[in-house]
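Novice:
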Amino acid sequence: MRKFFTAVVVIPLGLIFIIFAVANRHWVTVSFDPFNSVTPVVAVTLPLFVVIIVSAILGVLAGGIATWFRQGRWRRAARQHEADARHVRTELADLRAAASRDEAQRRPAPAQLGFYGPNGRDKQGATL
1 MRKFFTAVVV
11 IPLGLIFIIF
21 AVANRHWVTV
31 SFDPFNSVTP
41 VVAVTLPLFV
51 VIIVSAILGV
61 LAGGIATWFR
71 QGRWRRAARQ
81 HEADARHVRT
91 ELADLRAAAS
101 RDEAQRRPAP
111 AQLGFYGPNG
121 RDKQGATL
């Protein structure tokens, strides 16, 4: 399945990225100065494909972090349920152990059975 995924998805996606990078290799200036667009104080000149790919990566990271924070209450609830289940399993094991000890104490000692039954008589009632 992994080889199939690689062949069908990853290889064409890699080719698309390479074609995109070759087609958009001209340089652009990214300005971080909103007040002066002619001579910005903070600006970076990079190839266009680098700007777009870095923006996509940052978007994926921001989405992943937002999802992780949003699911925090579900992870907390799962941890609490796991702790409750662990506690109940321990309590059940203790109760089963106590019940088996009590059962062993309540059982009568096995009777000394002879060859002909518990009272030492054969089928016709004769004493042996």
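In this text, residue positions in the sequence shown follow full-length UniProt numbering: the first is 1, and each later residue adds one.
Virtual Cβ for every residue (Gly too), placed ideally from N, Cα, C.
(1) For a minimum of 3 consecutive residues, which ranges assigned as the beta strand (DSSP E) are wholly contained in the UniProt domain "Lipopolysaccharide assembly protein A" (42–92)?
(2) What does the alpha-carbon distance come out to for the pair A78 and V41?
(3) Comparing alpha-carbon positions, which option in V38, V30, F35 and P34 lies nearest P47?
(4) Are the CB atoms of W27 and T45 within a distance shorter than 7 Å?
(5) Distance, Cα to Cα, V22 vs I16?
(6) Please state if the CB of F49 and the CB of F69 are separated by a distance shorter than 7 Å.
(7) CA-CA distance, D33 and R25?
Specialist: With the structure as the only source:
(1) 43–47
(2) Locating residue 78 in the sequence shown gives position 78, counting from the first residue. Locating residue 41 in the sequence shown gives position 41, counting from the first residue. Rounded to the nearest angstrom, the two C-alpha atoms are 49 Å apart.
(3) The count along the sequence shown starts at 1 and reaches residue 47 at position 47. Of V38, V30, F35 and P34, the residue nearest in Cα terms is V30.
(4) Position 45 of the sequence shown holds residue 45. Position 27 of the sequence shown holds residue 27. Yes, Cβ-Cβ distance for T45 and W27 is below 7 Å.
(5) In the sequence shown, the residue the question calls residue 22 occupies position 22. In the sequence shown, the residue the question calls residue 16 occupies position 16. Taking the straight line joining both Cα atoms gives about 10 Å.
(6) Position 69 of the sequence shown, counted from the start, is the residue given in the question as residue 69. Position 49 of the sequence shown, counted from the start, is the residue given in the question as residue 49. Result no, Cβ atoms of F69 and F49 do not sit closer than 7 Å.
(7) As a first step, residue 33 is located in the sequence shown; it is residue number 33 there, counting from the start. As a first step, residue 25 is located in the sequence shown; it is residue number 25 there, counting from the start. Between D33 and R25, the C-alpha separation is close to 24 Å.
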